[in-house]
Structure formats: C-alpha cells, structure tokens
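Chemist: Protein sequence lines, in the order shown, are assigned to chains A and B.
Each residue of the first sequence is one higher than the one before, counting from 653 in this note's numbering.
Each residue of the second sequence is one higher than the one before, counting from 291 in this note's numbering.
By construction, the Cβ of each residue, glycine as well, lies at the ideal position given by its N, Cα and C atoms.
In this text, all values refer to a predicted model and were calculated from it rather than measured experimentally.
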Amino acid sequence: MTFIAKPKVTHPSLPQNALGLTRRAYEGALSTLCAGCGHDSITAAIVEACWGLSLEPQNLVKLSGIGCSSKTTAYFVSGAHGFNAVHGRMPSIATGANAANRRLSYIGVSGDGDTLSIGLGQFCHAIRRNLDMLYIIENNGVYGLTKGQFSASADIGSRAKRGETNRQPPIDPVLLALDLGAPFVARSFSGDKRQLVPLIEAGLKHRGFALIDVLSPCVTFNDHEGSTKSYAYTREHYEPAVRADFVPREQPITVDYAPGEARQIALHDGSRIVLRKIGAEYDPTDRAAAGAAVQARGGSGEYLTGLIYVDAADRHPEFHQVNATPEAPLNSLPFEQLSPGSPGLRKVLARYR
Amino acid sequence: MDATDTSHPDYYHRVVDCQWACPAHTDVPEYIRLIAQGLFTEAYLLNRQSNVFPAILGRVCDRPCEPACRRGRIESKPVAICRLKRVAADNRGDITGRLPPVPRLKNGKRIACIGAGCASLTVANDLLPLGYEVTIFEQYDRPGGLMRSNIPAFRLPEPVIDEEIGLILGMGVELRLGERIDSLGALIESGRFDAVFVGSGAPKGKELRLPGRDAAATNVHIGISWLESVAFGHVDRIGERVLIIGVGNTAMDCCRTSLRLGARTVRVIARKPRGFFKASPWELEDAEEENVEILVNRSPKAFMIENGRLAGMRFECMEYELDARGRIVAERVVGEQFLPADDVILAIGQENAFPWIERDIGIEFDKWNVPVVDAKTFQSTRPGVFFGGDAAFGPKNIIWAVEHGHQAAISIHRHCQGEPLTERLSPGVNLQSRKMGMHEWAYANDYAQIERRLMPHVSLKERFKKLNIEVELGFSAEQAAEEAQRCLNCDVQTVFGAKLCIECDACIDICPVDCLTITNNGPEAELRARLKAPAENLAQPLYVSAALPQTGRVMVKDEDLCVHCGLCAERCPTAAWDMQKSLLHWPHAEDEARALEQRKPKIA
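1) Drop a sphere of 10 angstroms on the beta-carbon of B:Asp504, count the other beta-carbons inside from all chains shown, and report buried for 16 or more, exposed for fewer.
2) Does A:Ser744 come out as helix, strand or coil in the three-state DSSP assignment?
3) Tell me the rounded alpha-carbon separation between B:Ala815 and A:Cys870.
4) By the DSSP assignment, the beta strand (DSSP E) with B:His524 in it spans what residues?
5) Taking a Cβ distance cut-off of 7 Å, strictly less, list which residues of the region 776–801 of chain B are near chain A, in chain order.
6) When you compare only the Cα positions, how much space is there between B:Leu832 and B:Lys756?
7) Does DSSP classify B:Glu596 as helix, strand or coil?
8) Quick check: A:Glu700 and A:Lys813, are their CB atoms within less than 8 Å of each other?
9) Does the CB of A:Phe655 have a neighbour CB from chain B at under 8 Å?
10) Assuming B:Gly491 contacts B:Gly405 (C-beta within less than 8 Å), just tell me the rounded distance between them.
11) Quick check on the DSSP output: what are the complete beta strand (DSSP E) runs of length 3 or more inside the region 390–425 of chain B, in order along the chain?
12) Which residues bound the alpha helix (DSSP H) around A:Thr725?
13) Closer than 7 Å: is that where the CB of B:Phe566 sits relative to any heavy atom of the ligand PLP?
14) Considering Cα atoms alone, identify which of B:Leu420, B:Gly616, B:Leu763 and B:Thr412 is closest to B:Asn397.
15) B:Val576 by DSSP, collapsed to three states: which one?
16) Should B:His729 be flagged as near chain A, meaning a C-beta pair shorter than 8 Å?
17) Relative to chain A, which residues along the region 801–832 of chain B have a C-beta separation below 7 Å, given in chain order?
18) Quick check on B:Cys896: does DSSP put it in helix, strand or coil?
19) Can you round the beta-carbon distance between A:Gly704 and A:Val849 to whole angstroms, since I take them to be within the 8 Å contact cut?
20) Step through the CB atoms of chain A and report whether any lies within less than 8 Å of the CB of B:Pro344.
21) Give a yes or no on whether the minimum CB-CB distance between B:Cys852 and chain A is below 8 Å.
22) Residues of the region 857–870 of chain B in Cβ contact with chain A at a cutoff of 9 Å, in chain order, please.
23) What did DSSP end up calling B:Phe343 once you bin it into helix, strand or coil?
24) Among residues of its own chain, excluding the 5 on either side of A:Gly680, which ones have a beta-carbon nearer than 7 Å to its beta-carbon?
25) Let me know the secondary structure DSSP gives B:Pro590 once reduced to three states.
26) Quick one: what's got a C-beta closer than 7 Å to B:Ala738's C-beta in the same chain, skipping five residues either side?
27) I need the DSSP call for A:His733, collapsed to helix, strand or coil.
28) Could you have a look at B:Val350 and say whether DSSP puts it in helix, strand or coil?
29) Report the three-state DSSP secondary structure of B:Ala879 (helix, strand or coil).
30) From the DSSP output, which residues share a beta bridge with B:Thr807?
31) Return the residue from the list B:Glu428, B:Asp781, B:Asn758 and B:Glu826 that minimises the CA-CA distance to B:Asp526.
32) Whose Cβ in chain A lies nearer than 9 Å to the Cβ of B:Cys902?
33) Three-state secondary structure (DSSP) at B:Tyr334?
34) Here's the rule I'm using: 16 or more other beta-carbon atoms within 10 Å means buried, otherwise exposed. How should B:Ser548 be labelled?
35) For B:Gln722, which residues in the same chain have their Cβ closer than 8 Å to its Cβ, ignoring the five residues on either side in sequence?
36) Since A:Asp692 meets chain B, which of its residues come closer than 7 Å, beta carbon to beta carbon?
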C-alpha cells in the first residue's frame, strides 16, 4: 500500500464525458491494498467504465462483503452510495436495496472467499433471483487478508507461497453461474483493461444478473512460480474467446465490420454489445457449448476469457419482473401507498387465519 | 521506437527543463530544495558555481528557465525561479572561506581581459583559483560593464553589484580602471599576456536616421548611452513628455528611468503588435504598472522641429495581417499621427563595434564586420585570442555572457597548457536513488497546489522619490517557503528497469497525469497518438523501455507533464520504477585542470 495520496493535479487535456466530468471525478479514497494488487487495476477499470458510461455518481450503488476485494468499493466513485456488508452477505443487501429502488445501478464487488466459501449460498440465490446487478469477483485463489491460505478457487496442484500443494478441486464461479442460469457470464483479467472495461460497461447496462469473474493476481501471496493465478501464469494460459465491444445508445456504430464478422446484441436501454470472433468459432449465446468450452479449457489449465455467455433471447425474467416491484423508488411513494393501514393489514392477516 | 538510451547525459538533463534551458545549466531544483530547508548560504554557493552572480541574476536575469518550467505546462504559471535565487542571495550568511582558494604560488601564465563586465569577470573567477594572473582593462572608472551602466539602480542597486564583483576582485584580479584599449594589436604585441579575452560587450546603440534627426540632436538620445550617462550621474533630468522608440528591455529601462528624472507622460512606441514585443513579459508588466503607455503599430517617419527645437515625432499608423500561426503576411499604412515630445529616446537595439581591433592581426571578421568566433571554444581565428559575452555573438544577456566566460576559461586553460581546445571534458549525469525505506523518499514529493507568489513592490507613491529606490522588495520568508514548494523536483527522475516489470498496471493506474502506458511498440508519431493521454508536445521526448518480459510490450512515458510525485515507484511491487536524483556534471575550468593533472605522469 502507500500512504501518499494521489495528488489532485490532472493532465490538462483530460477528456470529459457527457456530464462534463473527467475520469478523475470517478476516483475514490486512497487504496490500502498491496502495491501491485490486481484489485487496484480492476478498480481503475471500474472508474474508466463508469466515466465512459457517463454514470451520475449518485446513481451508483457499491456493495461488498469482507476481504481485500471488498475493501475496493471505497476506492472508486466516492460520490456513489455504498454498503459494506457482513462476510458473504452482500447479495442479501443487494436484493433489499434493489427491491427498494430499481432506478439505480448496482455493482457488487466480492472475492473468491466472500463468494465461493462463506457466501456461496447467497451467491447462488442472487443468480437464481436474477438480481439486476453487476457482480464482480476479484479472484486470486488465496485468502490474502489472512496471509495467503488457499481459497475455494485454488486449482489442484497449485502451490502456496510456503510450498504446500492444494489437493482439493476448485469451484469455478463461471461454471456455477452458467449452471444456475445466469444471463450474463464473463471472465477477464485485471491486466487486460481493453477486455475488462467494455465488459464492465456492458454488465452495468445489462438487465438482470451479470457476473464477471476477474482473475486478479495477489502480488503478495500468490504471484510465485507454482501458482496458477500469478501474472505470469495467467498471461501464459490466457485465451480470449470472443471480443466484446460495448457501444452506448447515443453512439452510432461507426466501425464497418465485414459481413459475418460482427454480431450485435441489443441491451434494454438501447446500447449494444458488438461481438467479434477471435480465432476459433465461439458462440457466446449457447449456454451448453459455453459450459463445455470452459470445462475443456479448465481441464488443461487454460483460462477461457471474455464474454462467455449472454442470454441474447432474454429468456429469464429478472428480479423486478418476477416480483412486480414498482418502477418508482419506495422512498418516493406516498405513505398511503406504502402502508396498507390498519384495515388493509387486517385483510392481509385474515388470509393467514 | 528503439528503447531510449538513458545513459546519454542529455536524456535526464533534458527532463530538468529549467536546467536544460539555462545557458549556464544552474542546478535549479537542488538550490530550491536548499532554500526550502533554509540553507540559504548553500543555495547561494550552488548558484554561484554555475552563474557566478546570484544576487544580480536573482533580480535581472532574462530567466529562460521560467518559460521552460514544467509547472507552467501543468498550471499556467511557472515556479518563480529567479525570485527564489534572490531569496538565497538576500538571506545568505558569510561565505568567506567557502569560495575556491586562490594559490599564492602562480602558474606563470598571464591573461588579459578587456572590459570588466560579466564575461571577463567570469573568466577571472574561473582562472584565478588555477593560479593564473588575470588583468582586466576597463575604460570607465568602475567595473561591472552593462550590469552597472545599462540596468537602472531601481532594478539593480549598486551595492549588490559591488558586493558580487567584489568577491571576484577579492580573489586577486589586477583591475586597470580607466584604461581603454585602443589597439588590440599593441596589447598582443606587448607580449605581456599568454592569452587575451575580449569581453567588451555590444556598446553601440542603433541609430535611427530620419528627417530632422540632426536638427533635433540635443533632445534625441540613444538608449544605452543615455542609461549609461544616468548611471554615471552625467544626466539627471529629462523633458516632461518623452517618447521611447522600441519595445525591448532597454526601452523598458528607459521609460521607467525617465519617470524618475521628471517626465510626466512617457509613451513607448512599438512598430508591431503586442505579440512581437521583444521585452520580457515581466518587464513590460512592471513598466505598465508605472503607467507607461505603450502605443502599437506606429512606424517612425520623422523628427518634427519647431523653432529649432524638437517638437515631437510623426508616425505612420500601420495595419498588419497575420496568418494562423501569428506571423505577419502583409502590412499597410492607414494614416499618420503626430505625437508631441520634449525628448525622444531610441531603444531599437545595439551592436558590437570593434574600431580598436586591427584587421591585419590574424583575427578574421565576417561580412557584418564582427569577428569570427568558434561557438564551442570561443576562440577567434587567431589562437590565444578569445571572445565572450555580447562581444562574441551580439547582444544576449548576462546569463549567456557568464556561460561564455566559463567556456572561454576552459579554452584559455587548455591553450595555456598546450592542449587541444576541442578535446574538452564531456558533461555527465549521476543517478542516485531517493528511496529511504517503505514509503519514504528523500525528497518532498507532495504536489503543492499553490499559486505563484507575487513579488511585493515599493508603492507607486514612494518609488519615484529617488532614482535608486529598488522597486522589488524580494520575497518574504513565508513567500519563499511557499514558492519553493511549487518546484516539482524534476531532477528526481523516474528510472525504469524493464526486466523487473510484471505488468501489473499499478503505476499506470496511479499516475495522476496519465503519462504512462504499457503498449505494443510502434513508430513515434503513431505511438504518441495512442498513449493513455496523447503526447502532443513534440518538444518533449517519449521514454520507451526495452521489451517487457511477460508480453514483449513496452513501457512508454511521456516526459511532458510528469510531476515527479514518485507514485509509480511507490506503487511498484517489484521496484521496476525508482526515483533517482540526477546530478548533472557540467565541466568548468577547475574540472579541466583536475583532469589534466591526473593525466600527468606521477614522479615516484
């Protein structure tokens, strides 16, 4: 970490977004993570994405649990709402907040411990509910905050800094999410902002549950030889499946794509994801094929990255549709509408007698 | 692009914009740090090593360092480098015993310097400690050259000049005042000197030959001669209405001096629009503060005489067409105007004049009738005769003359030791890490968001009471402390080791001014366009690393706007970035002497 704050001085020709804000307006507090932590790069990617989407800071909600990853919500968009939940319980808080106000953008940042161990049940149910949020897992394969024990995402055979070898199979959040029916599943790497930033933008604009599992090397406890989540290992075993660009609603698609080369997926607000193939044919709208591809690469120690799956046909109703939540935030509804009053309450209770 | 060769002494030198722009390469960031620590004497001595006259230059330097200052590119105003120099001079302690010692045993070589201005004094300053005997010939009865005669006392008080010149004279110069050299040939022929240095300045003001010039002779003055007469007390008044022709720094001195000698309305007349003024912006500002009126686009046509006396001048009113880059593409006369005046001062430039140098003594003159001087060695075409200051390449300013003096001193030393003049020592740069421990750096790397401090002035009411009331009061202790914090420490360099980099992006994410990018290499123009923030200032170099180990991409740094905050190094998990102080070694005559000494065979 550092004790030296990033000075307020900026590049004089820093570009401004539609709100007239520079990227610097989307920064947060001074990071207290280790220097070189992948999480800080993801924070920078979130800053870049929020700036690029011209999000009004007060319309963003940042949620997290416990762990190194969960500290990072303090390090971006200081003007946003934030909630630092109990360990593994962020999805519950997200559900409540989401139910109360569906107009805000929700971004949850969690880690492999917070999501795949203590919070695994919460994580699964958030997917089942198809919460309208972007869920980022900052996945480094170790418990960094408690000095580097293996986490549930550590691969078999992966070695810890002290030399022990992990012999338990990993839980792959991408496979889990595919299995549970998540409509937007992606994997990326903290060291590849070109891929990560459009994924975050698309994930924020996508309606329903969007998962991005980001490989984020722990520079202190898991960046050595024998680790399968180090910077060097990730770069060597990194295979982008497809290239996904995010094009906001107001921006026309200016690049000419050769016929058959690009494919557009429209999101609910009118923005689009433009998919372009890289090398081998890959169809991110085929859930079964996506699962098989991830599994096949995983078996040989490779990381398939990019937009792994997106529900282009919009088959799964999301949380608000299922629960018929009001369009307006609850805090803007008049008391009479929010409270059934004594006669109303009696009627409700009568149903259970 | 090829990987940048940072071992070349120019690379890191150039990052220190102020030092690169200074003709004498004064170590500005270091002396500002010394001032910040309250070590004024040390700051003064560091200045003196390169620029010899810190108290004088701290007031009247042309300060090429300030327009170059990186701070000026990040905000609008550069660090007040010149004013800080004066702070060091104003607050310094006793320096006796801290100047280079002059040996009692001389080396038997005698040097003549012509003119006791800044160039000759610098030569003396550099050669006396090496055992040379230096004689300076000066036509007037006081030393200082144009520093004394052309810069008014309200900008540069006499005691300041006397003190700094005194330091050099105290080293044992043989000063021959009132001795004008009328024949260089005779001086050389006398055989009394092993080398001659001509530092006689550019003493001739340019003339303006227009109708009525001769008839108005008593009330038309040549700027630099007039300032000289004022400085030596020969002139102590001027008419009520004064016109100054020309808008350079001499014009500014003339108009402000006129106000102190009784003029009521002073107008400065410029031929061209404001963007073309030769005067330094701060000198213009100071003159305008004293209510001097500057009239633009007026071209002098004639001196008007009434009753045998100057009545004023007639001007053509001009109009200019400028192109997109601000250059004049067309001009036309749109009218005429008469401006009344009791006196006119011509300040339209000056030139060298060498009526006292015979044309047959082996010194070649060029088509403009100035001697041919080597730009590196400052030797004329006659071995052993050297030129420096305004006498060498025409009017520049003090700081240039000082550097000429340093270089000429090296040449004179090599000449006297029988060494080839061109095989001089090369400059060098030393780097030393500023890392002290975890999160500890041996320099103040906080970016201080402070605006440039303003120089306090004597009130407009007070300052005209006497000719020699110094207008600028100098920075207060608080102002100096704050201004010193504005320096970005550009000499604390960001040094990158590609081998150690794991491409974690930490430095790129934290850089406040977006000057770092990890990307695929490419040709410079194309690379400049696709950096995190486009590198549009072509005057500033890109740093390109060797290929990075993991991906073969390169680290690119745009040097333009780096604030040297050190966060890249602070955030780097592998210490691939380090903050290292660069120390420029710019050789002077004493270094040459030491190097020559070391080469001599040792007698066992």
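Modeler: Reading off the structure:
1) As a first step, residue 504 of chain B is located in the second sequence; it is residue number 214 there, counting from the start. Exposed, by the Cβ-count rule.
2) The sequence position of residue 744 of chain A within the first sequence is 92, counting from 1. Of the three classes helix, strand and coil, the one that applies to A:Ser744 here is helix, per DSSP.
3) Taking the first residue of the second sequence as 1, we reach residue 815 of chain B at position 525. Taking the first residue of the first sequence as 1, we reach residue 870 of chain A at position 218. Straight-line Cα distance between these residues: approximately 36 Å.
4) Locating residue 524 of chain B in the second sequence gives position 234, counting from the first residue. Unbroken run through B:His524: none, as it is neither H nor E.
5) Ile792, Glu793, Cys794, Asp795, Ala796, Asp799 and Ile800
6) On the second sequence, residue 832 of chain B is found 542 positions in, with the first residue counted as 1. On the second sequence, residue 756 of chain B is found 466 positions in, with the first residue counted as 1. When rounded, the distance between both Cα atoms is 53 Å.
7) On the second sequence, residue 596 of chain B is found 306 positions in, with the first residue counted as 1. Of the three classes helix, strand and coil, the one that applies to B:Glu596 here is strand, per DSSP.
8) Sequence index remark: in the first sequence, residue 700 of chain A carries index 48 (1-based). Sequence index remark: in the first sequence, residue 813 of chain A carries index 161 (1-based). It is not a contact, given that the beta carbons lie outside the stated cut-off.
9) Against the first sequence, residue 655 of chain A aligns to sequence position 3. True, the Cβ-Cβ gap to chain B drops below 8 Å.
10) As a working note, residue 491 of chain B is residue 201 in the second sequence. As a working note, residue 405 of chain B is residue 115 in the second sequence. That belief holds up - the Cβ atoms of B:Gly491 and B:Gly405 are roughly 6 Å apart, short of 8 Å.
11) 400–404
12) As a position in the first sequence, residue 725 of chain A is number 73, starting the count at 1. A:Thr725 -> no alpha helix (DSSP H), and no H or E assigned at all.
13) With respect to the ligand PLP, the structure offers nothing, as it holds no ligand at all.
14) On the second sequence, position 107 is the one that residue 397 of chain B refers to. Comparing Cα positions, the closest option is B:Leu420.
15) Numbered from 1 along the second sequence, position 286 holds the residue referred to as residue 576 of chain B. Reading off the sequence shown, one finds Asp at residue 576 of chain B, where the question assumed Val. The answer is helix: DSSP assigns B:Asp576 an H, G or I state.
16) To locate residue 729 of chain B, count along the second sequence from 1; it is residue 439. With 8 Å as the cut-off, B:His729 counts as an interface residue toward chain A.
17) Pro802, Val803, Asp804 and Ala823
18) No information on residue 896 of chain B is available, as it lies outside the stretch 291 to 894 that chain B covers here.
19) Stepping through the first sequence from its first residue, residue 704 of chain A is reached at position 52. Stepping through the first sequence from its first residue, residue 849 of chain A is reached at position 197. 7 Å between Cβ atoms; contact.
20) Counted from its first residue, the second sequence places residue 344 of chain B at position 54. Not one chain A Cβ lies under 8 Å of B:Pro344.
21) Numbered from 1 along the second sequence, position 562 holds the residue referred to as residue 852 of chain B. Judged by the 8 Å Cβ criterion, B:Cys852 is not in contact with chain A.
22) Leu857, Glu860, Arg861, Cys862, Pro863 and Thr864
23) The residue labelled residue 343 of chain B in the question sits at position 53 within the second sequence. The answer is coil: DSSP assigns B:Phe343 none of H, G, I, E or B.
24) The residue labelled residue 680 of chain A in the question sits at position 28 within the first sequence. Here the set comprises Ala726, Tyr727, Phe728, Val729 and Ser730.
25) Reading the second sequence from its first residue, position 300 is the one you call residue 590 of chain B. Reduced to three states, the DSSP call for B:Pro590 is strand.
26) Reading the second sequence from its first residue, position 448 is the one you call residue 738 of chain B. Excluding positions up to five away in sequence, the list reads Gln775 and Arg776.
27) Position 81 of the first sequence holds residue 733 of chain A. A:His733 falls in the strand class under three-state DSSP.
28) The residue given as residue 350 of chain B occupies position 60 in the second sequence. In the structure shown, B:Val350 sits in a helix (DSSP, three-state: H, G or I).
29) Taking the first residue of the second sequence as 1, we reach residue 879 of chain B at position 589. Looking at B:Ala879 - three-state DSSP - the assignment turns out to be helix.
30) Counted from its first residue, the second sequence places residue 807 of chain B at position 517. Looking at the DSSP assignment, B:Thr807 forms a beta bridge with B:Val846.
31) Along the second sequence, read from residue 1 onward, the residue named residue 526 of chain B stands at position 236. Here the closest residue by C-alpha is B:Asn758.
32) Residue 902 of chain B is absent from the model: chain B starts at 291 and stops at 894.
33) Taking the second sequence and counting its residues from 1, one reaches residue 334 of chain B at position 44. Reduced to three states, the DSSP call for B:Tyr334 is helix.
34) The count along the second sequence starts at 1 and reaches residue 548 of chain B at position 258. Buried: at least 16 other Cβ atoms inside 10 Å.
35) Along the second sequence, one-based indexing puts residue 722 of chain B at 432. Gln870, Lys871 and Leu873, listed in sequence order.
36) In the first sequence, residue 692 of chain A corresponds to position 40, counting from 1. Neighbours of A:Asp692 on chain B, chain order: Ala796 and Asp799.
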